[in-house]
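**Student:** Residues in the sequence shown are numbered consecutively from 0, following numbering that gives the first Met the number 0.
First, the structure itself, so that you have it in front of you.
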Amino acid sequence: MNKLKCLLLLPLLFLTGCATTQVMNGIMSSWVGSNIDEVVVQWGYPHEQRDFRGKTLYVWNRNTTLTMPQTTSTTANMYGNTIYANSTTTGGNTTHWSCQRILEVDKNDIVVSYQWGGNNCPFAEMMQYSNWRKK
């Protein structure tokens with residue numbers, strides 16, 4: 000049964016990945032040709048500025064850590080006068096989610112290119128991601 004669920008989820012994960020690429024490329028490309036000050040007004044201050052081989056890069060990071068609660072379930076069976084208990088513990092694991100946006104600007108502070116990456120970039124422009132595209 001678990002293999003069947005995995006097989007059914009694969010196309011959904013593939014489509015989500017395609018949607019993320021399309022959405023993020025649309026968001027990031029909307030800023031090409033803009034002054035970096037316009038980006039800062041909408042996105043807030045960048046987390047860092049990098050100078051690399053004469054290029055200036057501005058970096059924004061969105062990081063989230065999620066820890067699932069740990070639960071234990073116990074089942075008991077009685078055989079004769081003896082009770083056998085079996086406990087199973089699940090959860091308690093921590094996952095880290097991120098999305099990094101990088102904009103390169105020229106000597107006039109105009110955005111000329113972009114990069115992005117991570118495992119938590121949006122597949123739709125909603126909620127906390129609704130203000131990422133240039134207005």
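Glycine included, C-beta positions come from ideal geometry on N, C-alpha and C.
Exposed or buried, which one is VAL38 when buried takes at least 16 other CB atoms within 10 Å?
**Tutor:** Flag for VAL38 reads buried.
**Student:** So VAL110 and GLY32 are supposed to be a Cβ contact under 8 angstroms. How far apart are they, rounded?
**Tutor:** The pair is a contact, with the Cβ atoms about 7 angstroms apart (cut-off 8 angstroms).
**Student:** Can you give me the Cβ contacts of ASN34 inside the same chain, cut-off strictly under 7 angstroms, excluding the 5 residues immediately before and after it?
**Tutor:** Taken in chain order, the residues that qualify are ASP108, ILE109.
**Student:** For THR70, which residues of its own chain have a beta-carbon under 8 angstroms away from its beta-carbon, when the five flanking residues on both sides are left out?
**Tutor:** Excluding positions up to five away in sequence, the list reads THR88, THR89, GLY90.
**Student:** What does DSSP give as the partner residues of PHE51 in its beta bridges?
**Tutor:** Bridge partners of PHE51: LYS54.
**Student:** From LYS134 to ASN92, what distance separates their C-alpha atoms?
**Tutor:** Roughly 38 angstroms between the two C-alpha positions.
**Student:** Considering Cα atoms alone, identify which of MET126, SER112, ARG100, ASN130 is closest to ASN118.
**Tutor:** Answer by Cα proximity: ARG100.
**Student:** Within 10 angstroms of its Cβ, does MET23 collect 16 or more other Cβ (buried), or is it exposed?
**Tutor:** Classification of MET23: buried, given that the 10 Å Cβ count is 16 or more.
**Student:** Tell me which same chain residues have a C-beta within less than 6 angstroms of the C-beta of TRP131, skipping the five on either side of it?
**Tutor:** Taken in chain order, the residues that qualify are ILE26.
**Student:** Pick helix, strand or coil for ASN60, following the three-state DSSP scheme.
**Tutor:** Of the three classes helix, strand and coil, the one that applies to ASN60 here is strand, per DSSP.
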